[in-house]
Amino acid sequence: MLTPLHGTLEVVMKQEVSLSCHLDSGSPPVRYTLFKNRQKLSALNRTDLTPVLFNLTINSASDVGEYKCKAQNEISNSEKYSRSLNFTLKEPVSKPVLSSPNSQAKKGQNVTLSCLSENGSLPITYTFFKDRQSIQPPVKMQNREAAVISVLIKSSNDFGMYKCKAENCFHNKTKYSNGFNFTLAEERSNSQPLIICLGLTLLLLAIGFALAIPFFIIPLYKAKKFTPTRSSTGHTSKEKVEESEDYVTYAEIEPIQPEACVNLSVIRRDEQENRACATIYSEVLVGEGAQAGPLHSPE
Numbered sequence: 001m002l003t004p005l006h007g008t009l010e011v012v013m014k015q016e017v018s019l020s021c022h023l024d025s026g027s028p029p030v031r032y033t034l035f036k037n038r039q040k041l042s043a044l045n046r047t048d049l050t051p052v053l054f055n056l057t058i059n060s061a062s063d064v065g066e067y068k069c070k071a072q073n074e075i076s077n078s079e080k081y082s083r084s085l086n087f088t089l090k091e092p093v094s095k096p097v098l099s100s101p102n103s104q105a106k107k108g109q110n111v112t113l114s115c116l117s118e119n120g121s122l123p124i125t126y127t128f129f130k131d132r133q134s135i136q137p138p139v140k141m142q143n144r145e146a147a148v149i150s151v152l153i154k155s156s157n158d159f160g161m162y163k164c165k166a167e168n169c170f171h172n173k174t175k176y177s178n179g180f181n182f183t184l185a186e187e188r189s190n191s192q193p194l195i196i197c198l199g200l201t202l203l204l205l206a207i208g209f210a211l212a213i214p215f216f217i218i219p220l221y222k223a224k225k226f227t228p229t230r231s232s233t234g235h236t237s238k239e240k241v242e243e244s245e246d247y248v249t250y251a252e253i254e255p256i257q258p259e260a261c262v263n264l265s266v267i268r269r270d271e272q273e274n275r276a277c278a279t280i281y282s283e284v285l286v287g288e289g290a291q292a293g294p295l296h297s298p299e
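Quick note, the sequence shown lines up with residues 1 to 299 if you use the UniProt record's numbering.
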């Protein structure tokens with residue numbers, strides 16, 4: 001028979017445990033062997049039928065498992081196994097984590113908060129706080145799952161620091177979570193689509209103008225640059241301009257309308273003023289290879 005000496009199967013970390021194993025009937029000497037999960041831990045010999053004690057220390061969660069004891073008579077080579085014992089590890093809760101799928105919220109929106117302590121003996125009780133005040137009754141979880149609550153954001157007062165607390169049978173070792181704060185979500189303005197459309201329109205206009213420069217504006221500028229112009233001396237100047245220095249510029253001057261200068265020699269008697277034919281000379285500078293037309297004096 002295998003029994004715990006302290007009478008309970010609930011243990012905590014770093015606790016020392018004593019297991020008693022004895023044979024109800026038989027003859028000595030007896031060899032006792034302790035197993036955990038079918039693996040041999042230790043063995044003791046007895047020359048009588050008094051119980052043996054196996055001492056253990058719970059250093060980690062792996063030390064909690066199925067324990068059995070085997071009693072073997074070395075003379076008759078008979079053996080018996082005790083019933084199995086399973087310890088339950090009791091440990092304080094670890095620091096819980098408070099989270100929410102939404103970090104932003106707006107007024108009138110329902111948000112959820114979840115609190116979970118990954119380590120600690122079950123059951124675990126979770127309590128939610130806002131600005132150090134409890135906002136809902138405690139939630140007791142019998143399994144390793146997060147406690148979830150829903151909060152309605154009614155006003156700006158609901159935006160604050162949220163926390164949760166986790167506790168189990170170790171009431172003097174409760175743990176508080178990290179702080180969580182919702183931020184106000186910015187609502188989109190009705191004018192935002194209009195601004196986007198206006199920006200796209202201006203962008204398309206700019207692209208169209210850039211594409212029009214090589215096809216329309218530059219040819220129009222060249223056409224104006226090569227159009228014949230009328231000189232101030234009454235002659236039409238036909239000028240052909242070339243950008244390359246290998247060509248010579250030529251200019252041709254043509255008279256608009258030829259006129260003759262008449263030298264009057266007869267003066268009428270009834271005229272009170274003498275009329276004379278005056279000759280006016282004008283100097284015209286002509287490029288190399290150009291021909292100048294005759295100059296005449298008008299009446």
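We treat Cβ as the ideally placed atom computed from N, Cα and C, and that holds for glycine.
Treat the numbers as computed from the prediction; the structure is a model and nothing was measured.
Short of 8 Å from the beta carbon of SER18, and not among the five residues preceding or following it, lie these beta carbons of its own chain, in chain order: PRO4, LEU5, HIS6, LEU53, PHE54, ASN55, LEU56. A check of alpha carbon separations from ASP48 across ASP158, ILE195, GLN136, ASP24 identifies ASP24 as the nearest.
Non-local beta-carbon contacts of LEU9 in its own chain, meaning distances under 7 Å to residues more than five positions away in sequence, involve LEU85, ASN86, PHE87, THR88 in chain order.
Note on the UniProt domain "Ig-like" (1-86): whole beta strand (DSSP E) runs with a minimum of 3 residues are 2-4, 10-12, 16-21, 30-36, 39-46, 52-57, 66-73, 78-81, in chain order. Bridge partners of GLU167 according to DSSP: THR125. No Cβ-Cβ contact shorter than 8 Å links CYS169 with CYS115.
Here CYS69 is buried, its C-beta having at least 16 other C-beta atoms within 10 Å. Counting of Cβ neighbours within 10 angstroms places LYS14 among the exposed residues, the total staying below 16.
In the structure shown, ASN119 falls within a coil segment according to DSSP collapsed to helix, strand and coil. Secondary structure note for VAL93: it is in no beta strand (DSSP E), with a DSSP letter that is neither H nor E. The residue among LEU113, GLY108, GLN109, GLU145 with its C-alpha nearest the C-alpha of ILE124 is GLU145.
Taking all protein chains in view, the Cβ of ALA147 is crowded by 16 or more other Cβ atoms within 10 Å, so the residue is classified as buried. Counting the other CB atoms within 10 Å of its CB gives ALA166 a total of 16 or more, which places it among the buried residues. Taken through DSSP and simplified to helix, strand or coil, ILE218 comes out as helix.
Contact between THR183 and SER121 does not hold, since the beta-carbon distance rounds to 36 Å and is not under 8 Å. Around the CB of CYS197, fewer than 16 other CB atoms lie within 10 Å, so the residue is classed as exposed.
Put simply, the backbone Cα of LEU44 is about 21 Å away from that of ILE58.
Comparing alpha carbon positions, the residue from CYS21, ASP158, GLY160, ASN178 closest to LEU98 is ASN178. About 5 Å separates the beta carbons of VAL111 and VAL151, which is inside the 8 Å limit, making them a contact pair.
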